[in-house]
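Each step along the sequence shown adds one to the number in full-length UniProt numbering, with nothing skipped, and position 192 is 192.
Below is one structure, written out as structure tokens, with a few remarks after it.
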Amino acid sequence: MQLTIPGPCGPLEAIYHEPRGGADAPRGVAVVCHPHPRPDLLDPNTTHQGGNMHSTVTFKIARALQNAGLACLRFNFRGVQGSAGEHDGKGAEEQDAAAALGWLSDKHSGVPRWAAGFSFGSRTVFGLARRDATIERLVLVGFPLVAYDLPGVDELSIPTLFVWGAGDEFGALQDLKAQYPHLPAQVEAEEIPGADHFFMRYTKELESCVHAWALRQLEGDDR
1 MQLTIPGPCG
11 PLEAIYHEPR
21 GGADAPRGVA
31 VVCHPHPRPD
41 LLDPNTTHQG
51 GNMHSTVTFK
61 IARALQNAGL
71 ACLRFNFRGV
81 QGSAGEHDGK
91 GAEEQDAAAA
101 LGWLSDKHSG
111 VPRWAAGFSF
121 GSRTVFGLAR
131 RDATIERLVL
141 VGFPLVAYDL
151 PGVDELSIPT
161 LFVWGAGDEF
171 GALQDLKAQY
181 PHLPAQVEAE
191 EIPGADHFFM
201 RYTKELESCV
211 HAWALRQLEG
221 DDR
């Protein structure tokens with residue numbers, strides 16, 4: 001369902017995903033954030049178009065979580081397509097993600113809050129989770145380690161899933177292990193063989209990976 005939600009700079013375009021089966025009370029809520037709307041700012045030679053909530057990977061993450069029983073919200077960051085405001089790229093988009101998660105929590109109160117993102121979106125929700133203790137799960141896909149640090153990742157206290165393509169040119173599993181060799185047990189990392197940063201031809205494998213992890217987490221919550 002397409003809609004607009006209130007954002008810190010004005011209305012934000014969004015798409016709401018009811019949990020599969022139309023459950024009255026979802027098993028959780030998850031905001032899913034899209035990749036960088038201006039990839040040329042990170043790589044002047046890029047041929048990729050700017051990211052938005054319609055990104056294939058963003059959709060696949062949302063569908064994986066939806067099929068696990070979560071209510072999900074994809075949205076366009078400030079200044080992207082029909083969302084109000086201007087792109088910031090230095091952390092202000094965390095406020096947009098917080099507004100989106102707040103909208104979900106108002107709609108479905110009393111259930112666990114998750115945050116997920118792809119590339120720049122993963123960096124955004126990681127930053128948000130560091131200052132929002134109500135977030136209980138993180139899904140970070142294609143975190144661009146060549147562009148952003150992960151301050152405090154070795155102190156994460158919530159279950160977190162990293163997923164990279166084995167051929168990701170912006171950072172991969174071996175980079176995480178090299179930079180942060182002492183990750184807590186609740187931080188898991190998966191690698192999709194053959195996939196690049198955008199998971200071209202491997203989005204099905206990505207969706208299955210995220211879905212399986214989400215189900216394991218929810219089964220643990222039910223015990």
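All residues carry an ideal CB built from backbone N, CA and C; glycine is no exception.
Do you know how far the Cα of residue j is from the Cα of residue i?
| i | j | result |
| --- | --- | --- |
| residue 252 | Ala-99 | Since the first residue shown for the chain is 1 and the last is 223, residue 252 is missing from the structure and cannot be characterised. |
| Pro-11 | Gly-22 | 26 Å |
| His-54 | Ile-15 | 9 Å |
| Gly-50 | Ile-192 | 23 Å |
| Gly-220 | Glu-136 | 13 Å |
| Lys-90 | Arg-123 | 10 Å |
| Asp-196 | Gly-165 | 5 Å |
| Val-125 | Leu-138 | 8 Å |
| Lys-60 | Leu-206 | 8 Å |
| Arg-113 | Asp-132 | 10 Å |
| Thr-4 | Arg-74 | 11 Å |
| Glu-169 | His-182 | 23 Å |
Would you identify the three-state DSSP class for residue i, choosing helix, strand or coil?
| i | result |
| --- | --- |
| Arg-113 | strand |
| Ala-30 | strand |
| Arg-78 | coil |
| Pro-44 | coil |
| Leu-156 | coil |
| Leu-128 | helix |
| Leu-215 | helix |
| Leu-65 | helix |
Where DSSP assigns a beta bridge to residue i, which residues make up the other side?
| i | result |
| --- | --- |
| Arg-137 | Trp-114 |
| Ala-14 | Leu-3, Phe-75 |
| Thr-58 | Note: Thr-58 sits in no beta bridge, so no partner. |
| Gly-165 | Ile-192 |
| Pro-35 | Pro-35 pairs with nothing; no bridge assigned. |
| Ala-70 | The sequence given here places Leu at residue 70; Ala does not occur at that position. DSSP lists Gly-28 as partners of Leu-70. |
| Pro-8 | Gly-10 |
May I ask you to verify whether the segment 183-202 touches the segment 150-162, counting CB pairs closer than 8 Å and requiring at least 3? yes
When the Cβ atoms of the segment 19-36 are set against those of the segment 58-70, are three or more pairs found closer than 8 Å? yes
Every unbroken alpha helix (DSSP H) within the segment 167-211, with a cutoff of 4 residues, ordered by chain: 173-179
Mind listing, in chain order, the continuous beta strand (DSSP E) runs of no fewer than 3 residues lying wholly within the segment 83-114? none
Contact between the segment 102-111 and the segment 76-89: three or more CB pairs below 8 Å? no
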